[in-house]
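Reminder that position 49 of the sequence shown reads as 49 in the UniProt record's numbering, one-by-one numbering, no gaps.
Read through the structure below, which is laid out as C-alpha cells, and then see the notes.
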Amino acid sequence: MKFFEEKRKEVMGHIEKFMLEKMTEYLKPIDTIWQPSDFLPDASRSTFFSEIKELQESAKGLSYDLVAVLIGDTITEEALPTYESWLTMVEGVSDNEEGGWMKWTRHWTAEENRHGDLLNKYLYLSGRVDMRMMEVSTQYLIADGFDIGTGHDPYRNFIYTSFQELATNVSHRRVASQAKKDGDTLLSKMCGVIASDEARHAKAYKYFIEKIFEVDPNEAMLAFEDMMRKKIVMPAHFLREVGLKIGQTFGHFTDAAERLGIYTAIDYVDILRELIEDWHIESAVDLKEDGEKARDYIINLPNRLLRVAERMKNPMLEYKFSWIHG
C-alpha cells in the first residue's frame, strides 16, 4: 500500500507541470469570465421588476419534468463543498497548500461555484420553486456526502471527473435546448454557458488521465476497468427531500431526465466510447497480463451496455416533487 501511494504521488508530481502549462487553456481569467450577474435582472435598474415579470412569464412555459431536472442539476452544482473537500483528499493533491494541484482544485471550484449561484437565483426569481424545500435538499446532499468508489486514488478520481464533466455537459446542453423549445431563451443561454464550462473542464481531466496513461499505463488501465465495473455513479446519488431517506429522490430525478432525453443510458455508453477513443485504449502499450484483460473488458463494455440500454423502457411513472409549486 505504501508503494502504491508513493507511486501515485510520483506520477502526480510528474503530470503537475503539464497541468500548469495548460491551466490557462482549461480555466479562464477571473476578471473576464462570465458571472451570474451578467444574465440576471439588475436590482439597481428601474426595469428590475419588469425584467423579473418577463423571466417569470418565460419560466411558465417550462415542463414539470424540465423544472425538476433543473432543480436536481442546481442542487448537484451547489454541493461543491463536498467535491472540493473530496479532491483535497486525493493522493498528491494537498501535499503542498501552495502547490499546483491545490491551485487547480481551488480555481476549478471557483469556476464551478458560478453554476449553482446562477441557477439558484434563476429558480428563486422564476416563482415556480418552493425554495425552502430545495434548500433543505441541498443541505442534505452536502451533509450526506457521497461515495463514488474512487478512494484517495488520483487515477480513479480523474477517471471519474472526466466522465462526470462530460455527463454534466450533456445534461446542461440538453436542458438549454429544451428550454429554448419551451420559449425560455434566458434559461437556454444560462445552461449553454454552464455546459461550455463543463466541456472545458472535461478536456482538462481527460488530459490529466492521458498523461497518466503515458507513464503508468497498466495501473491506469486497471483503474479504468475498476471504475467501469463499479459503474460511474452521479454526484447526487444520495439526493433526498424532506422526510425521505438518503437517496430516495435520486431515482425520480433521473427518471425525469430520462423521460425528457436530457441524460439517458445511451449517453452513458457514448461517454464511455469517447473516453476509450480519447485515451487510445485499443492501442495502449506496455500492459501486463492483468492490464490486457482490463483493456479487453473495457473495449467490449460499450456494446454490452448498449444492448442493456436499448432494452430499457422509458420511465413513465410521474412523481410529485416537494420542490415544485403546483
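The beta carbon of each residue, even a glycine, is placed where N, CA and C say it ideally should be.
Note to self: Using 8 Å for Cβ pairs, my map puts residue 74 next to residue 116. What's the rounded Cβ distance?
What the structure shows: Residue numbering aside, residue 74 sits at position 74 when the sequence shown is read from its first letter. Residue numbering aside, residue 116 sits at position 116 when the sequence shown is read from its first letter. Contact holds; Cβ gap of about 6 Å.
Next item on the list: Please list, in chain order, all residues of the same chain as residue 207 whose beta carbon is under 7 Å from its beta carbon, the five residues on each side excluded.
Entry: To locate residue 207, count along the sequence shown from 1; it is residue 207. Only 22 meet the Cβ criterion.
Next item on the list: With DSSP as the reference, label residue 148 as helix, strand or coil.
Entry: Within the sequence shown, residue 148 is the residue found at index 148, counting from 1. Residue state, collapsed to three classes: coil.
Check: In this structure, what does DSSP give as the bridge partners for residue 324?
Finding: To locate residue 324, count along the sequence shown from 1; it is residue 324. DSSP, once it has assigned bridges, lists 129 as partnering residue 324.
Next item on the list: Specify, as a first and last residue, the run of the alpha helix (DSSP H) that residue 251 falls within.
Entry: For the purposes of this step, residue 251 is taken as the residue at position 251 of the sequence shown. Unbroken alpha helix (DSSP H) run through residue 251: 250 to 260.
Note to self: Distance check for residue 105 and residue 29, CA to CA, integer angstroms please.
What the structure shows: What you label residue 29 is simply residue 29 of the sequence shown in a count that begins at 1. What you label residue 105 is simply residue 105 of the sequence shown in a count that begins at 1. Distance between the alpha carbons of residue 29 and residue 105 is about 15 Å.
Item checked: Three-way DSSP call (helix, strand, coil) for residue 101 in this model -> Here residue 101 refers to the residue found at position 101 of the sequence shown. Helix.
Item checked: Start-to-end residues for the alpha helix (DSSP H) that takes in residue 86 -> Taking the sequence shown and counting its residues from 1, one reaches residue 86 at position 86. It spans 80 to 88 - the alpha helix (DSSP H) in which residue 86 sits, taken as one unbroken run.
Next item on the list: Below 6 Å CB to CB, which residues in the same chain sit around residue 51 once its five sequence neighbours on both sides are set aside?
Entry: As a working note, residue 51 is residue 51 in the sequence shown. If we look at residue 51 and ignore the five residues flanking it on each side, its Cβ neighbours are 41.
Notebook entry, point to check: Which one of 262, 177, 253 has the shortest CA to CA distance from residue 236?
Noted result: By 1-based counting over the sequence shown, the position of residue 236 is 236. It is 253.
Checklist line | Every unbroken alpha helix (DSSP H) within the stretch 8 to 67, with a cutoff of 4 residues, ordered by chain | finding: 48 to 59
Notebook entry, point to check: Which stretch, first to last residue, makes up the alpha helix (DSSP H) that contains residue 221?
Noted result: Numbered from 1 along the sequence shown, position 221 holds the residue referred to as residue 221. 217 to 230 is the extent of the alpha helix (DSSP H) around residue 221.
Notebook entry, point to check: Expressed to the nearest angstrom, what Euclidean distance is found between the alpha-carbon atoms of residue 122 and residue 77?
Noted result: Along the sequence shown, one-based indexing puts residue 122 at 122. Along the sequence shown, one-based indexing puts residue 77 at 77. Those two C-alpha atoms are separated by around 14 Å.
Next item on the list: Within its chain, find whatever has a CB closer than 8 Å to the CB of residue 131; leave out the 5 residues flanking it on each side and keep chain order.
Entry: Taking the sequence shown and counting its residues from 1, the one referred to as residue 131 is at position 131. Cβ neighbours of residue 131 beyond the five flanking positions: 123, 124.
Margin query: Can you list, in chain order, the residues of its chain with a C-beta nearer than 7 Å to that of residue 146? Leave out the 5 residues immediately preceding and following it.
Written below: The residue you call residue 146 lines up with position 146 of the sequence shown. So the list reads 82, 235, 237, 238, once near-sequence residues are dropped.
Check: residue 240 by DSSP, collapsed to three states: which one?
Finding: Within the sequence shown, numbered from 1, the residue matching residue 240 stands at position 240. Coil, per DSSP.
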